[in-house]
Amino acid sequence: MWIRMPKVHKIKKSLTPQISCLTNESCKELDFLPDKLRAKLLPFQKDGIAFALRRDGRCMVADEMGLGKTIQAIAIAYFYKEEWPLLIVVPSSLRYPWTEEIEKWIPELGPEGISVIQNKTDVGRISTSKVTVLGYGLLTKDAETLIDALNNQKFKVVIVDESHYMKSRNATRSTILLPIVQKAKRAILLTGTPALGRPEELFMQIEALFPQKFGTWTEYAKRYCNAHIRFFGKRPQWDCRGASNLNELHQLLSDIMIRRLKTDVLTQLPPKVRQRIPFDIPSAAAKELNTSFEEWEKLIRAPNAGATETVMGLITRLFKQTAIAKAGAVKDYIKMMLQNDSLKFLVFAHHLSMLQACTEAVIENKARYIRIDGSVPSSERIHLVNQFQKDPDTRVAILSIQAAGQGLTFTAATHVVFAELYWDPGHIKQAEDRAHRIGQCTSVNIHYLVANGTLDTLMWGMLNRKTQVTGSTLNGRKEQLQAEEGDKEKWDFLQFAEAWTPNESCEDLRNEILFTHVRLYDRFFSFFIF
3 MWIRMPKVHK IKKSLTPQIS CLTNESCKEL DFLPDKLRAK LLPFQKDGIA
53 FALRRDGRCM VADEMGLGKT IQAIAIAYFY KEEWPLLIVV PSSLRYPWTE
103 EIEKWIPELG PEGISVIQNK TDVGRISTSK VTVLGYGLLT KDAETLIDAL
153 NNQKFKVVIV DESHYMKSRN ATRSTILLPI VQKAKRAILL TGTPALGRPE
203 ELFMQIEALF PQKFGTWTEY AKRYCNAHIR FFGKRPQWDC RGASNLNELH
253 QLLSDIMIRR LKTDVLTQLP PKVRQRIPFD IPSAAAKELN TSFEEWEKLI
303 RAPNAGATET VMGLITRLFK QTAIAKAGAV KDYIKMMLQN DSLKFLVFAH
353 HLSMLQACTE AVIENKARYI RIDGSVPSSE RIHLVNQFQK DPDTRVAILS
403 IQAAGQGLTF TAATHVVFAE LYWDPGHIKQ AEDRAHRIGQ CTSVNIHYLV
453 ANGTLDTLMW GMLNRKTQVT GSTLNGRKEQ LQAEEGDKEK WDFLQFAEAW
503 TPNESCEDLR NEILFTHVRL YDRFFSFFIF
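Mind the numbering: the sequence shown is residues 3 to 532 in our numbering, read in order.
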């Protein structure tokens, strides 16, 4: 049975211009701010505040990571303080950093005026606090008490940080947040990566700010997501993971979104220098990977009814096998970097097995380090960040791409090492910019360790295809993850790395990264859509 989609109506293009510079009148608009806050703002940040105020406090601030979106949002919300209570929705790990920033820039508020929600029944202070800080992780189906309290409070001013967390139309947190943001009189969405990889990820954010401004979901999907029928086995479904009419979408977004890149507004910020470090893996590990690739190839050549789910499982297995296969070389690379006594650097990984290997390398070299992964409580992460930033003897930060790839500042680092790749350029760039941001005084060298003959090779190509799409959509130009191949003589030693085996505890499925069916499905089609 074929699924019908309604006819798409042409969407009228907005004629409202985007503010490009701040006038003297705009400067006067900022007289309402506390002196300390106003003095801290850079000119382009004042532009961002003026942009929001001229749109009655409903817009998206999509500046590139590291340009100070938090301070802009606090200033915008402060303008509307007579309309508070204010709700701030953030990734759970950023609740305390946000609280620190609010207390820093609005000292008149004081800790007693801020309520940080700890759990799904911690609703007592919502009705009496001027500011409520809430983590996405609490927005679940079984949080009826919390959801009722949020709806009853009728927040008139809402800030949604890392608003790309709303990218999925069917996710529970999206469906809970959507009416709260829509009903608020003022709503500021913050994200450095509005779309992590595809235009479909923008729709819910647009819908939260301005319902049906770009048409219904059906209209939007056909116009900008290249929506078309695709067969999954014998079952036809609409596939909306593509991209189309990106120049038009970029122009429409400029009416509701302000976005600046570091290259445009921070001309004195030292550059970001990417290098790709390709290397061969041990033959034993290559044999295991080759077996998985052969299974994948057979399934693609002769698909059966359950081929899609089987391939999704294979890709997950290959991702994990790639981490273990390259872990020995990654350890050697970290040890090589530690030979430079003055170097402070970040190491990003995804799997617990790789995080374990990186930790072993640092311990074996007797270097002081911090580690932030999903097991570290949110309240402790800011203390670990401060340790890395202020203690010259803390040389390495071992970080989970998902747990520590956003919202934290590591400008004490001059190098960033990616022990593993990830599925979309949004997460990769977020992680890069933990070091490359306001406050960085030197160039940031970023090293991608890419294992030949593994899933890395496919993922690198996929990341560049997605970067072209998001670049056209958000920045109005095609972009690439530019990374020159590094000096072979410097990393030739990696080919002699020994195979590495994880501890049994690292294989515990309860602790390993598990993918839901939807996420597996998304990873699978990442390789074939663009």
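Quick reminder that beta carbons are idealized off the backbone N, C-alpha and C, glycines included.
Check	Outcome
Tell me where the beta strand (DSSP E) around Phe205 begins and ends.	First-last for Phe205: Phe205 to Leu211, but that is the alpha helix (DSSP H), not the beta strand (DSSP E).
When you compare each of Pro284, Glu146, Val313 and Ser285 to Glu296 by their alpha carbons, which one comes out closest?	Val313
Count the other C-beta atoms from every protein chain shown that fall within 10 angstroms of the C-beta of His11, then say buried if there are 16 or more, exposed otherwise.	In this predicted model, His11 has a pLDDT of only 35, less than 50, meaning its place in the structure is not dependable enough to derive any value.
Between Thr193 and Ser165, which are expected to be in contact by the criterion C-beta below 8 Å, what is the C-beta distance as a whole number of angstroms?	5 Å
Run through the DSSP bridge pairs and tell me what Trp107 is partnered with.	Per DSSP, none; premise fails for Trp107.
Measure from the alpha carbon of Asp426 to the alpha carbon of each residue in Thr123, Phe233 and Gly473, then state which is nearest.	Gly473
Are at least three pairs of beta-carbons, each pair with one atom in the segment 33-50 and one in the segment 70-84, less than 8 Å apart?	yes
Starting from Ser402, trace the beta strand (DSSP E) in both directions and tell me its first and last residue.	Thr396 to Ser402
Suppose the cutoff is 7 Å on Cβ atoms and the five residues either side in sequence are ignored; what does the same chain contact list for Leu251 look like?	Pro201, Tyr226 and Thr475
Using beta-carbon positions only, say whether Ile76 and Ala54 come within less than 8 Å of one another.	no
Mind checking Pro196: buried by the 16 CB within 10 Å criterion, or exposed?	buried
Given a cut-off of 8 Å on the beta-carbon distance, is the pair Ala325 and His353 in contact?	yes
What three-state label does DSSP hand Ile317 in the structure shown?	helix
From the DSSP secondary-structure annotation, give me the bridge partner or partners of Ile283.	Per DSSP, none; premise fails for Ile283.
Please go through the same chain and pick out, in chain order, the residues whose beta-carbon is closer than 8 Å to the beta-carbon of Ala186, but skip the five residues on each side of it.	Leu89, Phe157, Lys158, Val159 and Val160
From Leu496 to Met168, what does the alpha carbon distance come to, in whole angstroms?	41 Å
One question on the structure: do Thr416 and Lys337 come within less than 8 Å of each other, judged by their Cβ atoms?	no
Taking Cβ to Cβ, would you say Pro534 is nearer than 8 Å to Thr444?	Residue numbering for the chain in the displayed model covers 3 to 532; residue 534 lies beyond these limits and cannot be assessed.
Taking the beta carbon of Gln74 as the centre, do at least 16 other beta carbons fall within 10 Å, making it buried, or is it exposed?	buried
For a quick check, are the C-beta atoms of Thr351 and Glu422 less than 8 Å apart?	This sequence places Ala at residue 351; Thr is not what is there. Going by C-beta atoms, Ala351 is nearer than 8 Å to Glu422.
Can the beta-carbon of Arg278 be found less than 8 Å from the beta-carbon of Glu487?	yes
When burial is assigned at 16 or more other CB atoms within 10 Å of the CB, is Glu2 buried or exposed?	Since the displayed the chain opens at 3 and closes at 532, residue 2 lies outside it and no answer follows.
Taking the Cβ atom as the reference point for each residue, do Glu362 and Lys328 lie within a distance shorter than 8 Å?	no
In the segment 351-437, which residue ranges form an unbroken alpha helix (DSSP H) of at least 4 residues, counting only runs that do not cross its ends?	354-366, 380-392, 403-406 and 427-434
How big is the Cα-Cα spacing for Ala210 and Val183?	6 Å
Just the Cα atoms here: how many angstroms apart are Pro504 and Tyr371?	20 Å
Leaving out five residues before and five after Ser176 in sequence, what residues of the same chain have Cβ atoms less than 7 Å from its Cβ?	Met168, Ser170 and Met206
Which residues mark the beginning and the end of the alpha helix (DSSP H) in which Ser176 is found?	Thr174 to Lys185
Starting from the C-beta of Asn121, find all residues in its chain whose C-beta is less than 8 Å away, skip the five residues before and the five after it, and write them out in chain order.	Leu140
From the DSSP output, in three-state form, read off Glu486 for me.	strand
Report the rounded CA-to-CA distance for Val133 versus Gln239, giving the unit in angstroms.	43 Å
Pick helix, strand or coil for Asp241, following the three-state DSSP scheme.	strand
What distance in whole Å lies between the Cβ atoms of Arg276 and Gln470, which are believed to be in contact at a cut-off of 8 Å?	The pair is not a contact, with the Cβ atoms about 16 Å apart (cut-off 8 Å).
Among all the DSSP beta bridges, which residues are the ones paired with Arg276?	Ile448
At the level of alpha carbons, what is the spacing between Gly441 and Ala359?	31 Å
Considering only residues of the same chain and omitting the five flanking positions on each side of Trp502, which have a CB-CB separation below 6 Å?	Ala329, Gly330 and Ala359
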